[in-house]
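If you're matching them up, the sequences are chains A and B in order. Residue numbers 59 to 225, in the working numbering, belong to the letters of the first sequence in order. Residue numbers 59 to 225, in the working numbering, belong to the letters of the second sequence in order. Each residue gets a CB set at the ideal place from its N, CA and C atoms; glycine is no exception.
Number of protein chains: 2
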Amino acid sequence: MTRTLPIEPLTAEAFAPFGQVIEADQARSFLINAGRTRRFDALAIADCGAGGAAALSIFRGTPWPVPVRIAMLERHPLGSQAFVPMQRHAWLVVVAERPAPQACRAFLARGDQGIQIARGVWHHPLLALQPVHDFLVVDRKGPADNSGDNLEEHHFPAGDEVLLAPV
Amino acid sequence: MTRTLPIEPLTAEAFAPFGQVIEADQARSFLINAGRTRRFDALAIADCGAGGAAALSIFRGTPWPVPVRIAMLERHPLGSQAFVPMQRHAWLVVVAERPAPQACRAFLARGDQGIQIARGVWHHPLLALQPVHDFLVVDRKGPADNSGDNLEEHHFPAGDEVLLAPV
Numbered sequence: 059m060t061r062t063l064p065i066e067p068l069t070a071e072a073f074a075p076f077g078q079v080i081e082a083d084q085a086r087s088f089l090i091n092a093g094r095t096r097r098f099d100a101l102a103i104a105d106c107g108a109g110g111a112a113a114l115s116i117f118r119g120t121p122w123p124v125p126v127r128i129a130m131l132e133r134h135p136l137g138s139q140a141f142v143p144m145q146r147h148a149w150l151v152v153v154a155e156r157p158a159p160q161a162c163r164a165f166l167a168r169g170d171q172g173i174q175i176a177r178g179v180w181h182h183p184l185l186a187l188q189p190v191h192d193f194l195v196v197d198r199k200g201p202a203d204n205s206g207d208n209l210e211e212h213h214f215p216a217g218d219e220v221l222l223a224p225v
Numbered sequence: 059m060t061r062t063l064p065i066e067p068l069t070a071e072a073f074a075p076f077g078q079v080i081e082a083d084q085a086r087s088f089l090i091n092a093g094r095t096r097r098f099d100a101l102a103i104a105d106c107g108a109g110g111a112a113a114l115s116i117f118r119g120t121p122w123p124v125p126v127r128i129a130m131l132e133r134h135p136l137g138s139q140a141f142v143p144m145q146r147h148a149w150l151v152v153v154a155e156r157p158a159p160q161a162c163r164a165f166l167a168r169g170d171q172g173i174q175i176a177r178g179v180w181h182h183p184l185l186a187l188q189p190v191h192d193f194l195v196v197d198r199k200g201p202a203d204n205s206g207d208n209l210e211e212h213h214f215p216a217g218d219e220v221l222l223a224p225v
């Protein structure tokens, strides 16, 4: 069957089973640089596993056709993956505690909210809402001989899909 | 004496002695996510040294008084430090191959350009140009007992300073 998934606001509490929200509104911050910079410190720690390093990449996202059809999920068993908007546009996040249509949850991220998806957490590929939206991505770069081991995909059975409610 | 430092455009070539420019205009990119995302891959690799991990923080920068007076530099001997704008505003970078006024170089970064400062490279604290400008920062989080070892500061002698030319 086809389900329609409601869109939840992205909050640190709601996202906690899946990872961290990277945003500047938390109480744990302090001034540095002679008071000219406020540091919101260590909102996430990259988890790159043994033999991995944290790579900084840019993902240039484009929108999926509306209504967005969630037909597959992926996960990275060897490391975390963070997405932080480089322009202040809202975007969508779909994650799941197990790779099944009925487990999917969808969050609307504000343009000043990034996320770090914890190692091994199922998620949909990047869901931009603007024609072009750049994100800084921090994820694991491993030795060339095993980098392919850091991606698993799960495709839902035909007809058993999820449609996202309109934003 | 007081020197006035010209402002150079930020390019990967000019910045190479100091680290990497994190930007999406390089040839080495490829499509992922069924063609809906272009990945500009591994533009920088965080260098966190032994016992360190890559932490993701937000730095909320505010401007320095104009003309900007460069009176000190700092460096992080244990790891790299990356700055990536979360809003598309231009900003300034000051770096130096040694901690001396005559070694300083100033770069104007576009709003779609981040940088990673290599481990041990002298630099000025964040120089925002807008009233509020948020950056994602990726730098080393070490064990609590030695995190203070990752900062060295060098203050120039009084009167031997650098003023930035107007942007």
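Report the rounded CA-to-CA distance for residue i versus residue j, giving the unit in angstroms.
i, j, result
"Met130 (chain A)", "Glu211 (chain A)", "7 Å"
"Cys162 (chain A)", "Leu184 (chain B)", "40 Å"
"Val152 (chain A)", "Pro224 (chain B)", "45 Å"
"Gln174 (chain B)", "His191 (chain A)", "21 Å"
"Phe141 (chain A)", "Gln171 (chain B)", "16 Å"
"Ser138 (chain A)", "Arg168 (chain A)", "21 Å"
"Pro121 (chain A)", "Ala186 (chain A)", "5 Å"
"Ala2 (chain A)", "Arg96 (chain B)", "Here chain A comprises residues numbered 59 to 225, so residue 2 (chain A) is not present and cannot be evaluated."
"Phe193 (chain A)", "Arg146 (chain B)", "12 Å"
"Ile90 (chain A)", "Phe165 (chain A)", "33 Å"
"Pro189 (chain B)", "Pro201 (chain A)", "42 Å"
"Phe214 (chain B)", "Ile128 (chain A)", "57 Å"
"Val220 (chain B)", "Leu150 (chain B)", "14 Å"
"Cys106 (chain B)", "Val196 (chain B)", "10 Å"
"Gln84 (chain A)", "Asp207 (chain A)", "35 Å"
"His181 (chain A)", "Leu63 (chain A)", "14 Å"
Which residues of chain B have a Cβ atom closer than 9 Å to the Cβ of residue i, listed in chain order?
i, result
"Met59 (chain A)", "The contacting residues do not exist; Met59 (chain A) stays about 23 Å from chain B at best."
"Ile103 (chain A)", "Ala111, Ala112, Ala113, Leu114 and Lys199"
Residues of chain A with CB under 8 Å from residue i, in chain order?
i, result
"Val142 (chain B)", "Leu114, Val142, Met144 and Leu194"
"Gln174 (chain B)", "Leu114"
"Leu184 (chain B)", "Asn91, Arg94 and Thr95"
Our contact map puts residue i next to residue j with C-beta atoms below 8 Å; I'd like the distance itself, whole angstroms only.
i, j, result
"Leu222 (chain A)", "Pro125 (chain A)", "6 Å"
"Ser87 (chain A)", "Phe98 (chain A)", "5 Å"
"Leu101 (chain B)", "Leu114 (chain A)", "6 Å"
"Ala112 (chain A)", "Ala112 (chain B)", "4 Å"
"Ile80 (chain A)", "Ile116 (chain B)", "7 Å"
"Pro75 (chain A)", "Glu155 (chain A)", "6 Å"
"Arg39 (chain B)", "Leu136 (chain B)", "Coverage of chain B is limited to positions 59 through 225, which leaves residue 39 (chain B) absent and any answer about it impossible."
Since residue i meets chain A, which of its residues come closer than 7 Å, beta carbon to beta carbon?
i, result
"Phe117 (chain B)", "Thr95 and Arg97"
| request: Pull out every residue of the segment 69–99 of chain B whose Cβ sits closer than 7 Å to any Cβ of chain A, in chain order. | output: Ile80, Ala82, Asn91, Arg94, Thr95, Arg96, Arg97, Phe98 and Asp99
| field | Length at least 3, wholly inside the segment 110–138 of chain B: the beta strand (DSSP E) runs in chain order | value | 111–119 and 130–133
| query | Given a limit of 8 Å on CB to CB distance, which residues of the segment 147–180 of chain B reach chain A? | reply | Asp170, Gly172 and Gln174
| said: Along the segment 116–136 of chain B, where does the CB come closer than 8 Å to a CB of chain A? Name the residues. | reply: Ile116, Phe117, Arg118, Gly119, Thr120, Pro121 and Trp122
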